[in-house]
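Undergrad: Residue numbers (the working numbering): 115 to 573. Positions of the beta carbon are idealized from the N, C-alpha and C atoms, including for glycine. Owing to the predicted nature of the structure, the values given are computational and were not obtained by experimental measurement.
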Amino acid sequence: MTHRGRHRRRRRGQALRATLAGTALALTAAATLISTSQATGSNSPGALTPLTSAAETSRLQLHENLVAGDTLSTLSRNMGGNVGVSGVLASADHTMRDEADCSGTERAALPLEPVATRAYCWASDDARTQAWAPASVTTSGDAAQDGRWGDQRVILAGWNHDDRAAGASATDRGLARVAFIDASDPAALRYRWVLLVAPRDGGRDFGAVRSRLGGMVWYQGKLIVTAQNGAGQDDSLLVFDLHHLLKAGVDSGAIGKVRGGYSAHGYRYVLPAVGSYSPAGGTCGSGEARANPCFGSLSLDRTSTPDSLVATEAAPADGTERTRIWRYSYSTVADRAGLLGSDSLGRVDAREAYTTKAAGLSGVLSYTPAGARKADWYVGHTPASGGRHGTLWRQSGHAAEAVQCTGDQSYACWGQHTASLSYWQETGELWTLTGADPDTTPERVLYAVPLTAVNKSLG
Numbered sequence: 115m116t117h118r119g120r121h122r123r124r125r126r127g128q129a130l131r132a133t134l135a136g137t138a139l140a141l142t143a144a145a146t147l148i149s150t151s152q153a154t155g156s157n158s159p160g161a162l163t164p165l166t167s168a169a170e171t172s173r174l175q176l177h178e179n180l181v182a183g184d185t186l187s188t189l190s191r192n193m194g195g196n197v198g199v200s201g202v203l204a205s206a207d208h209t210m211r212d213e214a215d216c217s218g219t220e221r222a223a224l225p226l227e228p229v230a231t232r233a234y235c236w237a238s239d240d241a242r243t244q245a246w247a248p249a250s251v252t253t254s255g256d257a258a259q260d261g262r263w264g265d266q267r268v269i270l271a272g273w274n275h276d277d278r279a280a281g282a283s284a285t286d287r288g289l290a291r292v293a294f295i296d297a298s299d300p301a302a303l304r305y306r307w308v309l310l311v312a313p314r315d316g317g318r319d320f321g322a323v324r325s326r327l328g329g330m331v332w333y334q335g336k337l338i339v340t341a342q343n344g345a346g347q348d349d350s351l352l353v354f355d356l357h358h359l360l361k362a363g364v365d366s367g368a369i370g371k372v373r374g375g376y377s378a379h380g381y382r383y384v385l386p387a388v389g390s391y392s393p394a395g396g397t398c399g400s401g402e403a404r405a406n407p408c409f410g411s412l413s414l415d416r417t418s419t420p421d422s423l424v425a426t427e428a429a430p431a432d433g434t435e436r437t438r439i440w441r442y443s444y445s446t447v448a449d450r451a452g453l454l455g456s457d458s459l460g461r462v463d464a465r466e467a468y469t470t471k472a473a474g475l476s477g478v479l480s481y482t483p484a485g486a487r488k489a490d491w492y493v494g495h496t497p498a499s500g501g502r503h504g505t506l507w508r509q510s511g512h513a514a515e516a517v518q519c520t521g522d523q524s525y526a527c528w529g530q531h532t533a534s535l536s537y538w539q540e541t542g543e544l545w546t547l548t549g550a551d552p553d554t555t556p557e558r559v560l561y562a563v564p565l566t567a568v569n570k571s572l573g
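In structure tokens:
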């Protein structure tokens, strides 16, 4: 039975690959274009408004803070050295279900139009838990131009602990973890959890990163994530180095150095932070403090020169104020691979910034088509009320567009409570995941839609 099931999954994988190569790239014939001129009232966020004044863009400036190199060397040496992404994937102990094996309610969380060409559901324990929720995604398509890390295709998904959920453990409060998914075989995705930590005592110890991962980007050897609600890291970006994936040799509930070695609260692997980027303007917030934005979501733009990190601020779904979206350039200096471009004082300036009327953004992506002078910006919108599909808008300096759903003539055709967007340039796929709202505990699905299908749906 197991052997036949394996062949069945492989046949489904072959069918998926054929679909990606051909007919499923076309949009369902039922979708129609909705543009700014056709939209009414607040249904459309309209065109982007550029931020051009120095006073406005200075609020987006960051300051780089890197951990001393010997701190990471000490911790790596004490914990037995880097096991690498391949080492983590070799011990993957969870299996994802492909779309055919997802439940009906899980499949109902997928976008209505355009349809997902690849979709996966989590292992049963992660699919059912209310204490953890997915929040962000990035892939080896971000990390490397050829879409592979070594010889493997990899997806990283960040999950947050919901401290308010029924059954939530006090010892898990605020923890952040990342699923390292081996996606080399599209018919058999498997993953392993890795705990995010921060080095202490010069690398002789580490503690938990207690934060919310609203966005994450894996570029070259670095992973940059948003840090929200973590003690001392309320409004920062944290930086991790994939060359410092370490194994915890002691299995206990403690986090850090213990008798006999190191423990990671039951997790076998940890990824220690190597630095952070903090807003130069100070702590973010509401009212006047809102001038200093709280980070919401992140993505990578490989079509800019140089490659850039795209960001959006966190804003409520029922908010009325305009939301900022902007970009920072990555460094092109050889020994700063994966870090942002900074000056001699460690300052990182936003290279381009806009505001949008779209509220409650659940992902942002910037992409410049071949031959175009300006990038298109894609923003996901999650409705304020739970249990509904969202909307994926494409915005520019001239217009905003989305797909109008055939069934109810609304524009809510995107996935339910999606979180972050990631474009895999080598395959042309736009990746995201559902289930990011812990208040409604929606179904959790990881899925991909060809960007060509999104654009065809927009005319």
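So, with DSSP's three-state summary, where would you put Lys488?
TA: Stepping through the sequence shown from its first residue, residue 488 is reached at position 374. Lys488 falls in the coil class under three-state DSSP.
Undergrad: Is Thr546 closer than 7 Å to Thr532 when the C-beta atoms are compared?
TA: The residue given as residue 532 occupies position 418 in the sequence shown. The residue given as residue 546 occupies position 432 in the sequence shown. Yes, they are a contact pair.
Undergrad: Relative to the alpha-carbon of Leu454, which residue among Glu178, Pro164, Leu165 and Gly160 has its alpha-carbon at the smallest distance?
TA: Residue mapping note: residue 454 aligns to position 340 of the sequence shown, counting from 1. Of the listed residues, the one whose Cα sits closest to Leu454 is Glu178.
Undergrad: If I follow the unbroken alpha helix (DSSP H) through Ala293, where does it start and stop?
TA: Counting from one through the sequence shown, the residue named residue 293 turns up at place 179. Per DSSP, Ala293 belongs to no alpha helix (DSSP H); it is in the beta strand (DSSP E), Ala290 to Asp296.
Undergrad: Suppose the cutoff is 7 Å on Cβ atoms and the five residues either side in sequence are ignored; what does the same chain contact list for Asp463 look like?
TA: Taking the first residue of the sequence shown as 1, we reach residue 463 at position 349. Gln175, listed in sequence order.
Undergrad: Within 8 Å, do at least three Cβ pairs link the stretch 183–198 to the stretch 507–519?
TA: Segments in contact, no.
Undergrad: For Val339 and Ser325, what's the separation of their Cα atoms in angstroms?
TA: On the sequence shown, position 225 is the one that residue 339 refers to. On the sequence shown, position 211 is the one that residue 325 refers to. Taking the straight line from one Cα to the other gives about 10 Å.
Undergrad: I need the boundaries of the beta strand (DSSP E) containing Glu178, first residue and last residue.
TA: Sequence index remark: in the sequence shown, residue 178 carries index 64 (1-based). Note, Glu178: beta strand (DSSP E), Leu176 to Leu180.
Undergrad: Have a look at the DSSP bridge pairing and note the partners of Pro393.
TA: Locating residue 393 in the sequence shown gives position 279, counting from the first residue. Residue pairing by DSSP puts Pro393 in a beta bridge opposite Leu176.
Undergrad: So, does the CB of Pro248 fall closer than 7 Å to a CB anywhere in chain B?
TA: In the structure shown, chain B does not exist; there is a single protein chain.
Undergrad: From the DSSP output, which residues share a beta bridge with Lys570?
TA: Residue 570 sits at position 456 when you count from the first residue of the sequence shown. DSSP output for Lys570 lists no bridge partner at all.
Undergrad: Ala562 to Gly504, Cα distance in whole Å?
TA: The residue labelled residue 562 in the question sits at position 448 within the sequence shown. The residue labelled residue 504 in the question sits at position 390 within the sequence shown. Answer to the nearest angstrom: the Cα atoms are 15 Å apart.
Undergrad: Evaluate His512 with the Cβ neighbour count: other Cβ atoms within 10 Å of its Cβ, from every protein chain shown; 16 or more gives buried, anything less gives exposed.
TA: Numbered from 1 along the sequence shown, position 398 holds the residue referred to as residue 512. So His512 counts as exposed.
Undergrad: Quick check: the Cα distance between Arg304 and Ser458, rounded to an integer number of angstroms?
TA: Looking up residue 304 in the sequence shown gives position 190. Looking up residue 458 in the sequence shown gives position 344. Spanning the two alpha carbons is a distance of roughly 43 Å.
Undergrad: Just grab the DSSP bridge partners of Asn406 for me.
TA: Position 292 of the sequence shown, counted from the first residue, corresponds to residue 406. Looking at the DSSP assignment, Asn406 forms no beta bridge with any residue, so it has no partner.
Undergrad: Taking Cβ positions, are Ser571 and Leu479 nearer each other than 7 Å?
TA: Counting from 1 along the sequence shown, the entry for residue 571 is found at position 457. Counting from 1 along the sequence shown, the entry for residue 479 is found at position 365. Result no, Cβ atoms of Ser571 and Leu479 do not sit closer than 7 Å.
Undergrad: Residues in the same chain with beta-carbon distance under 7 Å from Thr470, minus the five sequence neighbours each way, listed in chain order, please.
TA: As a first step, residue 470 is located in the sequence shown; it is residue number 356 there, counting from the start. Excluding positions up to five away in sequence, the list reads Pro159, Leu162, Arg436, Thr437, Ile439, Val493 and Gln509.
Undergrad: If you draw a straight line from the C-alpha of Thr204 to the C-alpha of Phe294, how long is it?
TA: Walking along the sequence shown from the start, residue 204 turns up at place 90. Walking along the sequence shown from the start, residue 294 turns up at place 180. Just to set this straight, residue 204 is Ala in the shown sequence, not Thr. Distance between the alpha carbons of Ala204 and Phe294: 11 Å.
Undergrad: Below 8 Å, can you find three or more Cβ-Cβ pairs linking the stretch 480–492 to the stretch 406–425?
TA: Yes: at least three Cβ pairs fall under 8 Å.
Undergrad: What are the boundary residues of the beta strand (DSSP E) that includes Thr505?
TA: Here residue 505 refers to the residue found at position 391 when the sequence shown is read from its first residue. Counting along the chain, the beta strand (DSSP E) containing Thr505 begins and ends at Thr505 to Gln509.
Undergrad: Just mark Val202 as buried or exposed, buried being the case when its beta carbon has 16 or more other beta carbons within 10 Å.
TA: Mapped onto the sequence shown, residue 202 falls at position 88. Answer is buried; the Cβ neighbour count reaches 16.
Undergrad: Is it right to say Asp276 is buried, meaning 16 or more other beta carbons lie within 10 angstroms of its own, or is it exposed?
TA: The sequence position of residue 276 within the sequence shown is 162, counting from 1. Burial call: buried.
Undergrad: Hey, out of His495, Gly485 and Trp491, whose CA is closest to Ala473's CA?
TA: As a first step, residue 473 must be located in the sequence shown, where it is residue number 359. Closest option to Ala473, Cα to Cα, is His495.
Undergrad: Report yes or no: do three or more beta-carbon pairs, one from the stretch 272–286 and one from the stretch 243–261, lie closer than 8 Å?
TA: yes
Undergrad: Are Arg441 and Ser422 touching if we call contact CB-CB under 7 Å?
TA: As a first step, residue 441 is located in the sequence shown; it is residue number 327 there, counting from the start. As a first step, residue 422 is located in the sequence shown; it is residue number 308 there, counting from the start. In contact: Arg441 and Ser422 (Cβ atoms closer than 7 Å).
Undergrad: Compute the beta-carbon to beta-carbon distance between Ala394 and Arg461, rounded to the nearest angstrom, for a pair I have assumed lies under 8 Å.
TA: By one-based count along the sequence shown, residue 394 stands at place 280. By one-based count along the sequence shown, residue 461 stands at place 347. Their Cβ separation, rounded to whole angstroms, is 7 Å, which keeps Ala394 and Arg461 in contact under 8 Å.
Undergrad: Report yes if the CB atom of Gly370 is closer than 7 Å to the CB atom of Met330, and no otherwise.
TA: The count along the sequence shown starts at 1 and reaches residue 370 at position 256. The count along the sequence shown starts at 1 and reaches residue 330 at position 216. Contact flag unset, no.
Undergrad: Excluding the 5 residues preceding and the 5 following His357 in the sequence, name in chain order all residues of the same chain whose CB lies nearer than 6 Å to its CB.
TA: Here residue 357 refers to the residue found at position 243 when the sequence shown is read from its first residue. Contacts found: Asn196 and Gly335.
Undergrad: Do Leu310 and Leu360 have their C-beta atoms closer together than 7 Å?
TA: Taking the first residue of the sequence shown as position 1, residue 310 is located at position 196. Taking the first residue of the sequence shown as position 1, residue 360 is located at position 246. Going by C-beta atoms, Leu310 is not nearer than 7 Å to Leu360.
Undergrad: Does the beta-carbon distance from Ser411 to Thr434 come in below 7 Å?
TA: Here residue 411 corresponds to residue number 297 of the sequence shown, with the count starting at 1. Here residue 434 corresponds to residue number 320 of the sequence shown, with the count starting at 1. Contact: no.
Undergrad: Helix, strand or coil: how does DSSP classify Glu227 here?
TA: As a working mapping, residue 227 is identified with position 113 in the sequence shown. Note: Glu227 maps to coil in three-state DSSP.
Undergrad: Would you say Gly375 and Val364 are within 7 Å of each other, going by their C-beta atoms?
TA: Looking up residue 375 in the sequence shown gives position 261. Looking up residue 364 in the sequence shown gives position 250. Taking 7 Å as the Cβ cut-off, Gly375 and Val364 qualify as a contacting pair.
Undergrad: Classify Gly136 as helix, strand or coil using the three-state DSSP reduction.
TA: Working through the sequence shown from its first residue, we reach residue 136 at position 22. The predicted model places Gly136 with a pLDDT of 37, which falls under 50 and marks its position as unreliable, so this point remains unresolved.
Undergrad: Can you tell me where the beta strand (DSSP E) with Val251 in it begins and where it stops?
TA: Stepping through the sequence shown from its first residue, residue 251 is reached at position 137. Taken as a continuous stretch (DSSP letters only), the beta strand (DSSP E) holding Val251 covers Trp246 to Thr253.
Undergrad: If you reduce the DSSP assignment to three classes, tell me which class Asp256 lands in.
TA: Locating residue 256 in the sequence shown gives position 142, where the first residue counts as 1. Helix, per DSSP.
Undergrad: Anyone know if the C-beta pair for Leu352 and Ala368 falls short of 7 Å?
TA: Here residue 352 is taken as the residue at index 238 of the sequence shown, counted from 1. Here residue 368 is taken as the residue at index 254 of the sequence shown, counted from 1. Going by C-beta atoms, Leu352 is not nearer than 7 Å to Ala368.
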